[in-house]
Amino acid sequence: MAAANYTLKVNRDLLDPNFESYRLSLDPIPTYTVDLDAAVEELQLKDAQYTLEHMRAFGMYNYLHLDPWYQDSVLFVDRLGRVLSLTATLDTALGKPREVFSIGSESDRSENRLCASLSLTSATWAVLSDGTGRLDLIRTGKRGDAHMKWEVLFSENLGEPFTVLHSAAHVQAGVHAVELLLLRVQKEAQESEGSGYSVTLEWVTVGGAAGTGTEKKFEVRKRRVLRGKSVPDYAAVEPCGRGLMVASEKPFVFTQVDGRPVEQPPPAEVEPTDPLYFWQQTAEDVTVCVRLPEGVAKEDVSFRLTADTVSVGVRGVPPLLEGQLYASVDPDASAWVIRNHKSLEVTLQKRREGPMWPELVLGNRRGEFVMSDQQGALLHDRLTHLTSEEQNGNPDRDKPACNSQELEDCDGFPEDSFSLTYFDGESLRPTQVVNLGGHQYLFTVQVDPSSMPCLCLRHDVDALVWQPRPDRAADMWEHIATFNALGYVQASKRDKKFSTCAPDFSYAALGECLRRAFIYRQPAPVDTVLFNRKQGRQVGQVAKQQVASLDADTPVLGFRASNERLFILTSSRLFVLKVNNN
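Counting along the sequence shown from 1, when you hit position 124 you're at 123 in numbering that gives the first Met the number 0, and nothing is skipped either side.
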């Protein structure tokens, strides 16, 4: 696993420390039902597909696809091999889903097939897999036009069955190209430990031949294989095809390029190095001591400080300490001085008193935090009640010792190996790595069709939405939205199967395996005067929670949200819930 070298920067302006809870609303949610002519094609896992990774990859597959280019339009594949599309414009007059393409009936395909998978590449292109290993690149035309017919531009068998995770189209030097991410769970003949299966991600580039003719042929230009031990929670290709991002519990590495093995670099031997700086902090300020070469005069020091960044060094050489501070400081109240011609002592005045910083500069591991004697004594006093020479130091003998197996789901966190990684497409090496060991993955949502999909992670009790920005090396993941307390709330739903949110972040939704859907709205102003009885203050905003119970007795197979509607798919019905009236 590559060492973490990046830290997610939370936008504190998007956090609400005063959020109390969701209030259950009994307001009815208009629900409309569309009966399907044929059942949805659902994959039934076979005896050989017994591992947790098979369940995560195929048993929890979302069979419903929301078209991000055409509002309130969804697609799915039925058992007859038909790709069906439904666009909701007038809820009270929903028609039958219309057939836009056919991949053949269920009986025409092999026994080892997987579920058919679809990825909407652009406003006019799509990628389709029939579940047997065949890949189709399709020109759909403007999918909002009911008279447009889908046309296959490229079709080829790529080997073992796979599902399409993500696709992106781009044009370079007048040549069209489509980047694809394919997922497989394969048997490992030489694997003696674990389940005997491994997970592979194949990054395929399909390109068109340059020319001025009316007909352009497409072909597979490049195939790159990554191998890992867990199904990724998030995997997406950069829109221009320069790299990809993967969030997974176990690390992935490139193993093949066009059938040739990739030489793995030898494990780097990390030599112990002395810290470049030491730092202490109080509730009001931070003190940093940076080592300087001997004989450095005041005139040789290069020092720059803003409210959010710092740079310390000696003229003519790279900075000794540089980067974004964990939190804002007051530059006018900060100062520096040279001590004994050997070190530079910097005093930073915190803009907000109270919160303690877990690190000085985001992602910088070359320093060492030094705790003062007073802080150490205070910490010791706070933790004394948790330590004892006996197994159960609790004086109340009726209370048993803590059993970690009795912890609730909301108290658990992913393994330390859970990471978010950006791979460079040229070197095939991870360049940015974020350790997500303390952040649970919640869901993926497409907010902007021209950008990479967003991922939602749990931070403490909240759910934070992150937008990848691969063109910003120093700020690759941007915090763009927050759902208050959703991280804690979703952990209490033991039957939860799907979760998502509206692209405008007006609400988040959780779907159970059967029947029920939970909707959590963002705080909104109230028309009446409300007071908090405990604190005696007026409440200006209320966050509502609503529950919808579906008239269905079969498992939920698909779950997607638009700004106005929530679409829920079962094997025989499609439910449309009118959540917002925009």
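We treat Cβ as the ideally placed atom computed from N, Cα and C, and that holds for glycine.
Between Ala-56 and Leu-200, the C-beta spacing is not below 8 Å. Met-244 sits in a strand when the DSSP states are folded into three classes. Look at Ala-296 here: in three-state DSSP terms it is coil, with no helix or strand label. Under the rule that a run must span 3 or more residues, the beta strand (DSSP E) segments found entirely inside the segment 102-189 read 116-118, 124-128, 133-138, 150-156, 162-171 and 174-186. In its chain, beyond the 5 residues on either side, Gln-323, Leu-324 and Ser-327 have a beta carbon closer than 7 Å to the beta carbon of Asp-307. Burial check for Val-99: the Cβ neighbour count within 10 Å reaches 16 or more, so the residue is buried.
A direct Cα-to-Cα measurement between Arg-223 and Gly-132 gives close to 16 Å. Distance from the CA atom of Phe-153 to the CA atom of Gly-207, rounded to whole angstroms, is 10 Å. In the DSSP assignment, Asn-580 forms no beta bridge with any residue. The C-alpha of Glu-187 lies about 27 Å from the C-alpha of Val-432.
Straight-line measurement puts the Cα of Tyr-487 at about 18 Å from the Cα of Leu-13. Beta-bridge pairing by DSSP links Ser-570 to no other residue. In the three-state scheme derived from DSSP, where H, G and I count as helix and E and B as strand, Asp-90 is classed as helix. For a cut-off of 8 Å, the C-beta gap from Leu-513 to Val-555 is around 7 Å, short enough to register as a contact.
Going by C-alpha positions, Tyr-49 is about 53 Å away from Ser-371.
Bridge pairing for Cys-453: Val-444 [DSSP]. For Thr-499, the beta-bridge partners assigned by DSSP are Ala-508. Glu-477 and Val-360 have their alpha carbons spaced roughly 17 Å apart. Here Glu-52 carries a helix assignment [DSSP, helix/strand/coil]. About 7 Å separates the CB atoms of Val-73 and Asp-66; that is less than 8 Å, so the two are in contact. Annotation for Val-73: no alpha helix (DSSP H) segment contains it, though the beta strand (DSSP E) segment containing it runs 72-76.
If you look at Gln-489, you'll find it in the alpha helix (DSSP H) that goes 485-490. In chain order, Ala-306, Ala-326, Ser-327, Val-328 and Asp-329 place their CB closer than 8 Å to the CB of Arg-350, counting only its own chain and leaving out the 5 sequence neighbours on each side.
Here the alpha carbon of Asp-26 sits roughly 30 Å from the alpha carbon of Asp-447. If only complete runs of 3 or more residues are kept, the segment 295-349 shows the beta strand (DSSP E) at 300-304, 308-313, 320-323, 328-338 and 342-349, in order along the chain. For Asn-434, the enclosing beta strand (DSSP E) covers residues 429-434. Judged by their CB atoms, Glu-352 and Glu-283 are nearer to each other than the 8 Å cut-off. CA-CA distance, Met-59 to Ser-24, rounds to 30 Å. Under the three-state reduction of DSSP, Asp-34 is assigned to strand. Residue pairing of Arg-226 in beta bridges, as defined by DSSP: Thr-199 and Val-252. Contact annotation: Gly-242 and Phe-422 have beta-carbon atoms nearer than 8 Å. About 6 Å separates the Cβ atoms of Thr-32 and Arg-572, confirming a contact at the 8 Å cut-off.
Per DSSP, reduced to three states, the secondary structure at Gln-373 is helical. Under the three-state reduction of DSSP output, Asp-494 falls in the coil class, being neither helix nor strand. For the set Val-205, Lys-543, Asn-156 and Gly-140, the Cα lying nearest the Cα of Ala-167 is the one of Val-205. Under DSSP, Pro-467 takes part in a beta bridge, and its partners are Trp-476.
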